[in-house]
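Engineer: Under my numbering, the first residue of the sequence shown is numbered 8, with each subsequent residue one higher. Can you keep this structure in mind? I'll have questions shortly.
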Amino acid sequence: MIELGVNIDHVATLRQARLGIEPDPIYAAAIAEANGADQITIHLREDRRHIQLRDLKLLRETIQTRLNLEMAVTDEIITIAKSIKPDTVTLVPEKREELTTEGGLNLNIEGMKEKIADLKNSGIEVSVFIEPSTEMIKLADKLGADAVEIHTGLYANLKKQAEIEAEIKRIHKACKLVKAAGMRVVAGHGLNYKNIVRLVELNIITEFNIGHSIISRSIFTGLAEAVREMKILVTK
Ligand code: PXP
8 MIELGVNIDH VATLRQARLG IEPDPIYAAA IAEANGADQI TIHLREDRRH
58 IQLRDLKLLR ETIQTRLNLE MAVTDEIITI AKSIKPDTVT LVPEKREELT
108 TEGGLNLNIE GMKEKIADLK NSGIEVSVFI EPSTEMIKLA DKLGADAVEI
158 HTGLYANLKK QAEIEAEIKR IHKACKLVKA AGMRVVAGHG LNYKNIVRLV
208 ELNIITEFNI GHSIISRSIF TGLAEAVREM KILVTK
């Protein structure tokens, strides 16, 4: 069974545009869950450009599926994660000036093994968002990660068919390595209603985290319909 994590950051992006109270990501999470989301994913960024601490706290109390917190590997956010206890944390790189996460995390960070152990000891599953590279996957395993989320941003941005095929091969090889190491195989970033199909067909990725395309479509179809359509594609 392939699961769908719905990233609701951009509901909060819209709210923050007016610094008001609507649209509320808490409401979005409930609609996503009622229409097939297996998980709600949010990114509490250092600059708080979309999701706020209030959202994280309320979502922890209200969501009925699972909460996946994307986070930078900083002491501030690790302390927050350990107190709120999402079901999963996904460790991501974070640069202040970027529009969105631009690539996988380089796991060669001092103290990474201890930080992962610290989060796991708090009862939180630890996933790492990395490029589909053999070196990074081996390192993720060595560091004790429970899951690997393969960065699909490059795949999503490619236009030439030959390059798309080569990247799918690279992602497939990476997924096999992750699975062989006993870690959960997750993928995300830049996925939409078209490019998801080939990755579902690989039949090895067990969870997709998708945000921008679902929230974009929801403007025209409503969030319930947008989630339902993606759920159908993911579980085909
Ligand atoms: N997975 C990770 C680790 C991410 O950082 C993001 C973006 O927040 C996503 C998935 C969702 O990406 P998109 O919004 O492009 O679907």
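Ideal placement from N, C-alpha and C gives every residue a C-beta, glycine not left out. None of these values were measured; they are calculated from a predicted model.
Throw me the rounded Cβ distance for the residue 96 and residue 131 pair, which I believe falls under 8 Å.
Structural biologist: Contact flag correct, Cβ pair sits at about 5 Å.
Engineer: Residue 124 and residue 135: beta carbons closer than 8 Å?
Structural biologist: No.
Engineer: By Cβ distance, which residues of its chain are closer than 6 Å to residue 203, with the 5 residues on each side in sequence left out?
Structural biologist: Taken in chain order, the residues that qualify are 240.
Engineer: Check the C-beta distance from residue 231 over to residue 42 and give it rounded, since I have them as a contact under 8 Å.
Structural biologist: About 5 Å separates the two Cβ atoms, so the contact holds.
Engineer: Would you call the stretch 53 to 73 and the stretch 104 to 113 touching, i.e. three or more CB-CB distances under 8 Å?
Structural biologist: No, the stretch 53 to 73 does not touch the stretch 104 to 113.
Engineer: Please classify residue 225: is it buried, with 16 or more other beta-carbons within 10 angstroms of its beta-carbon, or exposed?
Structural biologist: Buried, since its Cβ has 16 or more Cβ neighbours within 10 Å.
Engineer: Does the beta-carbon distance from residue 24 to residue 32 come in below 8 Å?
Structural biologist: In this structure, residue 32 does not lie closer than 8 Å to residue 24 by Cβ.
Engineer: With residue 58 and residue 16 assumed to form a contact (beta carbons below 8 Å), what rounded beta-carbon distance in angstroms separates them?
Structural biologist: The Cβ separation is near 6 Å, so the contact holds.
Engineer: Given that a residue counts as buried once 16 or more other Cβ atoms are within 10 Å of its Cβ, and exposed if not, what is residue 91?
Structural biologist: Looking at its Cβ environment, which holds 16 or more other Cβ atoms inside 10 Å, residue 91 is buried.
Engineer: Compute the Euclidean distance between the alpha carbons of residue 51 and residue 76, then round it to the nearest angstrom.
Structural biologist: Between residue 51 and residue 76, the C-alpha separation is close to 7 Å.
Engineer: Extract the residue ranges of the alpha helix (DSSP H) inside the stretch 179 to 243, only unbroken runs of 4 or more that lie entirely within it.
Structural biologist: Within the stretch 179 to 243, the complete alpha helix (DSSP H) runs of at least 4 residues are 203 to 208, 219 to 228 and 230 to 241.
Engineer: Could you tell me how far apart the beta carbons of residue 47 and residue 40 are, in whole angstroms, since I believe they sit closer than 8 Å?
Structural biologist: Confirmed, Cβ separation roughly 7 Å.
Engineer: What residues in its chain sit with their C-beta under 8 Å from that of residue 79, if we drop five residues either side in the sequence?
Structural biologist: Excluding residues within five positions, the ones whose Cβ falls inside 8 Å are 52, 53, 98, 99, 100 and 101.
Engineer: Which of the three DSSP states is assigned to residue 79 in this structure?
Structural biologist: Residue state, collapsed to three classes: coil.
Engineer: Would you mind listing the alpha helix (DSSP H) stretches within the stretch 19 to 60 that are 4+ residues and don't spill past its ends, in chain order?
Structural biologist: Correct list: 32 to 41.
Engineer: Which first and last residues belong to the alpha helix (DSSP H) in which residue 142 is found?
Structural biologist: Segment 141 to 150, the alpha helix (DSSP H) holding residue 142.
Engineer: Closer than 7 Å to a non-hydrogen atom of ligand 1 - does that hold for the CB of residue 223?
Structural biologist: Not so, every heavy atom of ligand 1 lies at least 7 Å from the Cβ.
Engineer: Rounded to the nearest angstrom, what separates residue 196 and residue 164 at their Cα positions?
Structural biologist: Roughly 10 Å between the two C-alpha positions.
Engineer: With a threshold of 16 other CB atoms inside 10 Å of the CB of residue 227, please say whether the residue is buried or exposed.
Structural biologist: So residue 227 counts as exposed.
Engineer: Report yes if the C-beta distance between residue 122 and residue 151 is below 8 Å; otherwise report no.
Structural biologist: No, the Cβ-Cβ distance between residue 122 and residue 151 is not below 8 Å.
Engineer: Select from 194, 61 and 11 the residue whose C-alpha is nearest the C-alpha of residue 179.
Structural biologist: That would be 194, whose Cα lies nearest to the Cα of residue 179.
Engineer: Kindly provide the ranges of any beta strand (DSSP E) runs that are 3 or more residues long and lie completely inside the stretch 97 to 145, ordered along the chain.
Structural biologist: Correct list: 132 to 137.
Engineer: Measure the alpha-carbon distance for residue 192 versus residue 237 and round it to whole angstroms.
Structural biologist: The straight-line gap from Cα to Cα measures roughly 19 Å.
Engineer: Rounded to whole angstroms, what's the CA-CA distance from residue 36 to residue 66? Just pull it up for me.
Structural biologist: The alpha-carbon atoms of residue 36 and residue 66 are separated by roughly 8 Å.
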